[in-house]
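Residue numbers (my numbering): 2 to 392.
Glycine is no exception: its CB is placed at the ideal position from the N, C-alpha and C atoms.
Step one of this worksheet: look at the structure below.
Right, here's the structure in full:
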């Protein structure tokens, strides 16, 4: 489980570790803040699209072989990003880096569902959130320290080393979880049919979007946080990581409380209770912002509340989306990840393009994402009930 969590953490580590270096990258490469922020959107776009390939690959060749190839690609691309001479090269290598890192999103979830049922997989995914939540706490702190010692390029060298270390652990300790008799052919017809069936599966799409819209709010916060905290509120760079860590702590707390409650409740029950909070908390923050009453402490309270609610929503929505997917589990995990990160790409691009200073753009997007997550979750739960009743 620790290895699965570390693989899943590749995504947040690759995002959060270089956030404190945004101003330094812009200065070193002669780029605008918006151009540097677009390197984040490029990473998310590459990760979203690459997942569609890893699903069928892992359903055909098993979970381990595609993961090893992906980690090699991630490590090489990270080293190339460290050597980038300009922001355009950096953006391109971030896309390639994301193609390698995407396997860390798809395959661990598939491995969990290979071995566990819906209830136990929801608990396991909540445990993964603990490791994923630690990544945003530690990554900006590590990135900030490396920035002062090695410059921004050292951050990408560390990412490259991380990929190699994980590759060694996968080769030595990970067992293949998909037996040969459960593997699917890798043909265009099979791939197209599986994805088409998943897109027509209303509960799957709605559960995936419930987690996806919630995650989109997180990505909007990640992209906007340097501008809001450092540029607008004047938070020193050394304190930025601590504020970032408070929100990650909320994500951890929500996921761990969810894991405990899953001993007595089914995932759908927890989802019903968490979705209203995911919508109402950012709506309150938006109201305070529009009234001119928002302060840094109030903004932090809203952000921590949102992250805590997402700690409930994400693992339970993921477990329900992957329920009863059978042999197409890898494809289902890939499509779910693509939908979720695709939502994050859109929110990141909106934040980058919205040049208004202050917390208003972030407050608007958080409120929108929370409401869309609530709506998607309600649709998913009703569709699941209707399907069960019909059966």
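I'd like the span of the alpha helix (DSSP H) that includes residue i, first residue to last.
i, result
"residue 57", "34-62"
"residue 208", "203-226"
"residue 290", "268-291"
"residue 355", "First-last for residue 355: undefined, no H or E at that position."
"residue 328", "No alpha helix (DSSP H) holds residue 328; DSSP gives it neither H nor E."
"residue 296", "Neither: residue 296 is in no alpha helix (DSSP H) and is coded neither H nor E."
"residue 75", "65-83"
"residue 102", "88-102"
"residue 170", "153-174"
"residue 24", "23-30"
"residue 5", "3-9"
Going by the CB atoms, is the gap between residue j and residue i shorter than 7 Å?
i, j, result
"residue 61", "residue 194", "no"
"residue 34", "residue 27", "yes"
"residue 335", "residue 326", "no"
"residue 284", "residue 368", "yes"
"residue 105", "residue 8", "yes"
"residue 114", "residue 127", "no"
"residue 260", "residue 124", "yes"
"residue 88", "residue 38", "no"
"residue 364", "residue 296", "no"
"residue 164", "residue 76", "yes"
"residue 256", "residue 130", "yes"
"residue 230", "residue 244", "yes"
"residue 385", "residue 204", "yes"
"residue 224", "residue 352", "yes"
"residue 82", "residue 91", "yes"
"residue 358", "residue 233", "yes"
"residue 209", "residue 340", "yes"
"residue 72", "residue 167", "yes"
Are the C-beta of residue i and some C-beta of chain C separated by less than 7 Å?
i, result
"residue 223", "Absence of chain C from the displayed structure is noted, only one protein chain being present."
Measure the beta-carbon distance from residue i to residue j and round it to whole angstroms, keeping in mind my assumption that it falls under 8 Å.
i, j, result
"residue 103", "residue 160", "Their Cβ separation, rounded to whole angstroms, is 14 Å, which puts residue 103 and residue 160 out of contact at 8 Å."
"residue 348", "residue 220", "5 Å"
"residue 312", "residue 252", "5 Å"
Once you ignore the five residues that flank residue i on each side, which residues in its own chain have a CB closer than 6 Å to its CB?
i, result
"residue 44", "95 and 99"
"residue 374", "211, 214, 215 and 279"
"residue 147", "155 and 156"
"residue 342", "45, 48 and 49"
"residue 263", "123 and 124"
Residues in its own chain within less than 8 Å of residue i by CB, not counting five upstream and five downstream?
i, result
"residue 107", "52, 55, 56, 59, 331, 334, 335 and 338"
Cutting at 7 Å between CB atoms, please list the residues of its own chain near residue i, excluding the five before and the five after it.
i, result
"residue 324", "119"
"residue 206", "200"
"residue 111", "59, 64, 330, 331 and 334"
"residue 344", "213, 214, 216 and 217"
"residue 247", "301 and 305"
"residue 361", "290"
"residue 238", "21, 145 and 231"
"residue 236", "230 and 244"
"residue 287", "364, 365 and 368"
Would you say the segment 378-386 touches the segment 272-280, given that touching needs at least three Cβ pairs under 8 Å?
yes
Taking 8 Å as the cut-off, does the segment 6-26 touch the segment 148-158 (at least 3 CB pairs, one atom from each stretch)?
yes
At least three beta-carbon pairs within less than 8 Å, the segment 165-181 to the segment 302-322:
A contact is defined here as three or more CB-CB pairs under 8 Å, and the segment 165-181 fails this definition with respect to the segment 302-322.
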